[in-house]
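Chains as they are written, first to last, in full-length UniProt numbering: chain A, 1 to 389; chain B, 1 to 380; chain C, 1 to 321.
Some notes on the structure that comes next.
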Amino acid sequence: MSGKEPVGVIGIGQTKHVSARRDVSLAGLVREAALRALEDAELGWADIDAVVIGKAPDFFEGVMMPELYLADALGAAGKPMLRVHTAGSVGGSTALVAANLVAARVHRTVLTLAFEKQSESNAMWGLSLPVPFQQPLLAGAGGFFAPYVRAYLHRTSAPGHIGALVAYKDRRNALKNPYAHLHEEDITLEKVRSSPMLWDPIRYSETCPSSDGACAMVLTDRAGAARAPRPPAWVHGGAMRSEPTLFAGKDAVSPRAGSDCAADVYRQAGITEPRREIDAVEMYVPFSWYEPMWLENLGFAKEGEGWKMTESGATELDGDLPVNPSGGVLSTNPIGASGMIRFAEAALQVRGAAGAHQVPGARRALGHAYGGGSQFFAMWLVAAEPPVS
Amino acid sequence: MTSRAGHSRAGYREEGRRDVAVVAFAQTAHVRAADSLSEVEMLLPVLREVLDGTGLSAGEIDFTCSGSCDYLAGRPFSFTMALDGVGAWPPISESHVEMDGAWALYEAWVKILTGEAETALVYSYGKSSAGDLPEVLTRQLDPYYVAPLWPDSPSLAALQARALIDAGETDERELAGIAARSRNAAQDNPYAQLAGSPAAGTLLEDDYLAQPLRLHDVPPVTDGAAAVLLAAGDTARRLSRRPAWISGMDHRIDPHGLGVRDLTDSPSTRLAAERAGLFAPGAPPPDVAELHAPFTSQEVVLRKALRLGEDTVVNPSGGPLAANPVMAAGLIRIGEAAARVSRGEARRAVAHATSGPCLQQNLVAVLEADGGEDEGGGQA
Amino acid sequence: MNAAPAQKVLSAPLVVEFPFTRSLGPVQSAFLTGLRERTVLGVMASDGRVLVPPTEYDPVTAEEIRDLVEVGSTGTVTTWSWNAAPRRGQPLRRPFAWVLVRLDGADTALLHALDAPEGPASVRTGMRVGIRWSEQRSGAITDIACFEPVGTSAPTHRAEPHTGAFADPVTGIVAEARLDYTYTPGRAQTRYLDALAGHRTLGERCPRCRKVYVPPRGACPTCGVPTGEQVEVGPRGTVTTFCVVNIKAKGLDIEVPYVYAHIALDGAGLALHGRIAGIPYDQVRMGLRVEPVWTEGGRHPDHYRPTGEPDADYETYKELL
């Protein structure tokens, strides 16, 4: 036996994401996504060998290491359970840790899940707990990222309306995704462009919502995939990269950790021309301008030209590289789960199971997540065909 | 590259699995409160020690994984600043678990098993002194039925101890003996926070802290950090004269509710040990066991679950009763067990880590020296 | 190199406090509403055991369980410990026993407090206890004030099916949680803050890459080595990028709009964050030269204002965004 075991995604489930799920406990929320993933795979709890769970800071729900309490709800009693936390990229990292358990042949079938129930507290409280002696952050989360958007605008001379195009596209895509949080039936480009400027250059409609939600996947080996009732999505590459939070010479507009991570994934998957070879991308875009920024960082556009790609319509659902057909983080943001939703939506695309937001004929898709101060990256590339081993 | 030597460690390990070993271990001199240091200032020396000791730079490490806890620090994303100590530039392949570092080591071990990494740096740290630890740990409990009552960790451990005494599995004298033995053993451990102990009989004259537990049954509050370097196959042999091979590792979790569990037993520990190959037919008993039993009574539970007898020396480092830096204490058990193997003091060792109230979640790693007894020889 | 003098390292209280709003699943809702009505409900597990407190999912099989039963308000202590010094938030102020109680009709045990005024000598495993209800009940585990001894009565109650239906069911709880920490920023930040008190900004230079870190964090994040050599930077600097904040941030008493900027102090290897004032917000630009403005008692500069120097050239700060 040599090389890695191929990993297939055979079950995907998520909750209908909303601002507050007041009808379920924390356990009930994660359970709903997990059951849907199991049903998709036509498996029961006994078929799961291990559980890998991820979420963002525990302060969001006020439960320290909530996996201890959630073990029962996720059928983990008597099984291994791991809890990943890599800031905003955690949903992606969690899926990769789970995939490695299968790839290393430690387990055959693994349930992985990420969640956030932001309505239990207040994310801004959780994110901005005052630290003594430190100068308070003078702006909210958008204010933290807005200066980097300005730097991007300056660097590329991008016209000011590109951000609105992204938001308008993602919110329309969300209308085709029954699980998306924001369903703005009456969205127009004009509405986005005239929404209040919160952290100039970021407008209200170019920011993500605050959601309760969970996402789960069942990952399995070649034998498990052969028994699966529906076509699997095969993992062809997966990687994480991290760089320090703040350091001399950091390029927060196009962080090297992001481009290195993408390069590693493409290398593993044998991709040399990502724009041509990849059919759909689910990238982590919490503020609309991050679409053109990541298009460059991930190698889909030349440096300085990501905005042209967005402007050309290439990233629309019917474009040549649809980005965030699900509606993306701009339409749904249960923080800890957002990365896993990107990974899962990429898998749905290559399984041909994305429903109304399906990219016709998608064979290869990239799932992307990032977190912290644009420092933690997690990505995977999934495909309809199994990897050649 | 799978293994040259699967059988030379008596074949207790999974066929076809890569050989992975602990090749370096470092820990801080543990203290009650490292209050002059930030977390990264506390962590940095142990990172330097494992890297400099093996002559590797951060850039030569294929994977890095850490374990820590925001609730311990009182700040969200506390691990992001600890990354400053690693020197993560150019960017590194890196992950973090909100768990004891023993589970970070598990993630790193799996990463090496996939073949994607030859070496991995694992670290963890905790400043328990920042908050009121027994109070902080109540936030781990069922948030609907239990956490609102704020039951402190010594009280919960005392419920477990009482159940053991009622079941005739131990008594207060034996528990005092465990405390005395552990802290006396710690006299040989320069990193221990508490070392030396009056005799068991004298300890029993003290008042109860949480009846049936006395102060000696309870771990100290500790600030500390630890780091471990893992390597595969020939890389391990190059980096260490005597690698401590991980012949098996597994972890399991039990249901959360204290009232649904038999507190006198630890099925998850037993199952993890079985899966880690501790009970493999024909395998000799471990020479050493490093058990993450913060409370004396928990050692009784773990000895039973791991089937440890007189042949096994338990917690020669003093264990968590001598220093209990939460989030690092489990990783330190693996490091201590590996260090015994690397120093030639043990041929086979078992390390255990725990998480959650009353031993809810448990990890077991079996470490072995090169060259099985049936073959002799091994590395020069 | 300036050797760091022996110093008193800073520390300060850090309070983490929030009233978490927890929504409930149906089993939890029925159980907690039941407590309000002085009725204890359990749930039937897949193997027929009665779980009290009732969980939503079977702890063994993970199946969803919904069949509720009513159990007694008296029960048997299965284990206990004595709490001589009750802590904040615990059920009783005077010394008490923590107990796991198997209520009559239940197969699992519930954690709570036992009021035992006669002390630990009066408590034993197997003793019979009963619920003392709180006078004010809202649908929470604390509606049980505690348990109290009830003599030697034998268990009689059997679990009886219950619909779980009550008028005005409880659908959520508010969990107040306060934790008190002591925050210690460490040696490097203490050195920085001490100098800042004299309105001097001291960065620290990495011995390996020679970059100057402001504020210093104890280690060079790219080299992973300690920094120690102190280097004074500023006081002037350059706005490298910024945003205009148009919504009030919670807890900040600053009139909007205002400019939040990244400022590279002269000599620093990276930018820090600050507010720009003394210039209309819509005239702030990348490259603007600024200097700090201090207010009485402020630990950090209140804001930065233009120096009047010509703007810095983009090439000089493009790596300091």
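Here a beta-carbon is modelled for each residue, glycine too, at the ideal position from N, C-alpha and C.
These numbers were taken from a predicted model, which means no experiment stands behind them.
Assign residue i to one of two classes, buried (16 or more other C-beta atoms within 10 Å of its C-beta) or exposed (fewer than that).
i	result
arginine 270 (chain B)	buried
arginine 172 (chain A)	buried
glutamate 291 (chain A)	buried
serine 122 (chain C)	exposed
asparagine 2 (chain C)	Residue confidence for asparagine 2 (chain C) is low, a pLDDT of 42 falling below 50, so the modelled location carries little weight and cannot support an answer.
valine 15 (chain C)	exposed
alanine 10 (chain B)	Bear in mind that a pLDDT of 39 at alanine 10 (chain B), under 50, signals an unreliable position, so the model cannot answer this.
proline 178 (chain A)	exposed
serine 374 (chain A)	buried
alanine 116 (chain C)	buried
threonine 156 (chain C)	exposed
glycine 3 (chain A)	exposed
lysine 248 (chain C)	exposed
arginine 36 (chain A)	buried
valine 256 (chain C)	exposed
histidine 368 (chain A)	buried
Relative to the C-alpha of residue i, which candidate in the options has its C-alpha closest?
i	options	result
glycine 213 (chain A)	A:Pro229, A:Arg230, A:Glu311 and A:Ala180	A:Ala180
leucine 103 (chain C)	C:Arg191, C:Gly234 and C:Ala159	C:Ala159
serine 326 (chain A)	A:Ile10, A:Ile341, A:Met240 and A:Gly373	A:Ile341
glycine 355 (chain A)	A:Lys176, A:Glu296 and A:Pro147	A:Lys176
serine 331 (chain A)	A:Phe343, A:Thr245, A:Cys208 and A:Arg364	A:Cys208
alanine 120 (chain B)	B:Gly101, B:Asp370 and B:Leu37	B:Gly101
arginine 75 (chain B)	A:Ala56, A:Met197, A:Gly91 and A:Ala347	A:Ala56
arginine 307 (chain B)	B:Pro325, B:Glu274 and B:Gln187	B:Glu274
residue 384 (chain B)	B:Gly356, B:Ala322 and B:Leu37	Here chain B has residues from 1 to 380 only, and residue 384 (chain B) is not among them.
threonine 316 (chain C)	C:Thr295, C:Gly287, C:Arg299 and C:Pro292	C:Gly287
proline 66 (chain A)	B:Cys65, B:Ala280, B:Thr354 and B:Asp142	B:Asp142
alanine 154 (chain C)	C:Asp107, C:Leu196, C:Gly75 and C:Gly164	C:Gly75
proline 292 (chain C)	C:Gly139, C:Pro149, C:Thr182 and C:Ala264	C:Ala264
leucine 110 (chain C)	C:Arg94, C:Val60 and C:Val43	C:Val43
alanine 195 (chain C)	C:Ala261, C:Glu63, C:Gln230 and C:His303	C:Gln230
glutamine 211 (chain B)	C:Arg66, C:Ala45, C:Trp82 and C:Gly48	C:Trp82
tryptophan 150 (chain B)	C:Trp98, C:Thr21, C:Tyr181 and C:Gly203	C:Trp98
Is any non-hydrogen atom of the ligand ADP found closer than 7 Å to the C-beta of residue i, if you look at the structure I gave you?
i	result
leucine 219 (chain A)	Ligands displayed in this structure: none; no statement on the ligand ADP is therefore possible.
For a minimum of 4 consecutive residues, which ranges assigned as the alpha helix (DSSP H) are wholly contained in the UniProt domain "ChsH2 C-terminal OB-fold" (231-294) of chain C? none
Residues from the region 183-204 of chain C in contact with chain A, defined by Cβ distance under 8 Å: Tyr183, Pro185, Gln189 and Leu193
Where in the region 111-155 of chain B do unbroken runs of the beta strand (DSSP E), each at least 3 residues long, occur, reported from the N-terminal end onward? 119-127
Check whether the region 45-58 of chain B touches the region 25-35 of chain A, counting contact only when three or more Cβ pairs, one atom from each stretch, lie closer than 8 Å. no
Completely contained beta strand (DSSP E) runs for the region 65-150 of chain A, where each covers 3 or more residues: 81-84 and 109-117
Cβ-based contacts, 9 Å cut-off: residues of the region 171-201 of chain A near chain C: Pro196, Met197, Leu198, Trp199, Asp200 and Pro201
Which full runs of the beta strand (DSSP E) of 3+ residues lie inside the region 292-332 of chain B, going along the chain? none
Could you run through the region 27-45 of chain B and flag, in chain order, every residue whose CB is less than 9 Å away from some CB of chain C? Ala33, Ala34, Asp35, Ser36, Leu37, Ser38, Glu39, Val40, Glu41, Met42, Leu43, Leu44 and Pro45
So within the region 243-304 of chain A, which uninterrupted beta strand (DSSP E) runs reach at least 3 residues, ignoring any that extend past its ends? 280-282
Would you check if the region 374-385 of chain A and the region 69-84 of chain A touch, i.e. whether three or more CB-CB distances between them fall below 8 Å? no
Listed from N- to C-terminal order along the chain, which residues in the region 66-78 of chain A have their beta-carbon within a distance smaller than 9 Å of any beta-carbon of chain B? Pro66, Glu67, Leu68, Tyr69, Leu70, Ala71, Asp72, Ala76, Ala77 and Gly78
Residues, ordered as in the chain, of the region 226-259 of chain B that lie near chain A by beta-carbon distance below 8 Å: Asp250, His251, Arg252, Ile253, Asp254, Pro255, His256 and Gly257
Taking only beta carbons into account, state which residues of the region 134-150 of chain B come closer than 9 Å to chain C, listed in chain order. Pro134, Glu135, Val136, Thr138, Arg139, Leu141, Asp142, Pro143, Tyr144, Tyr145, Val146, Ala147, Pro148, Leu149 and Trp150
At least 3 beta-carbon pairs within less than 8 Å: the region 185-195 of chain B vs the region 293-309 of chain B: no
Give the residues from the region 249-268 of chain A that approach chain B closer than 7 Å (Cβ to any Cβ), ordered along the chain. Arg256, Ala257 and Asp260
The region 21-37 of chain C in contact with the region 85-93 of chain B per 3-pair CB rule at 8 Å: no
Okay, do the region 33-53 of chain C and the region 126-146 of chain C touch, 3+ Cβ pairs below 8 Å being the bar? yes
What residues in the region 206-223 of chain B bring their beta carbon closer than 9 Å to a beta carbon of chain C? Asp207, Tyr208, Leu209, Ala210, Gln211, Pro212 and Leu213
Could you say if the region 215-223 of chain C and the region 50-65 of chain C meet the contact criterion of at least three C-beta pairs nearer than 8 Å? no
Which residues, in chain order, does the region 289-307 of chain C contribute to contact with chain A at a C-beta distance below 9 Å? Arg299, His300 and Pro301
Could you tell me which uninterrupted beta strand (DSSP E) segments, each at least 3 residues in length, are contained entirely in the region 88-152 of chain C, listed from first to last along the chain? 96-103, 110-114, 128-133 and 144-149
Segments of 4+ residues assigned as alpha helix (DSSP H) that fall wholly inside the region 12-71 of chain C: 26-36
Three or more beta-carbon pairs under 8 Å between the region 7-20 of chain A and the region 188-199 of chain A, yes or no? no
If you pair each beta-carbon of the region 276-296 of chain A with each one of the region 15-29 of chain B, do three or more pairs fall below 8 Å? no
Give me the subset of the region 79-106 of chain A whose CB atoms are less than 7 Å from a CB atom of chain B, sorted by chain position. Lys79, Pro80, Met81, Leu82, Arg83, Val84, His85, Thr86, Ala87, Ser93, Val97, Asn100, Leu101, Ala103, Ala104 and Val106
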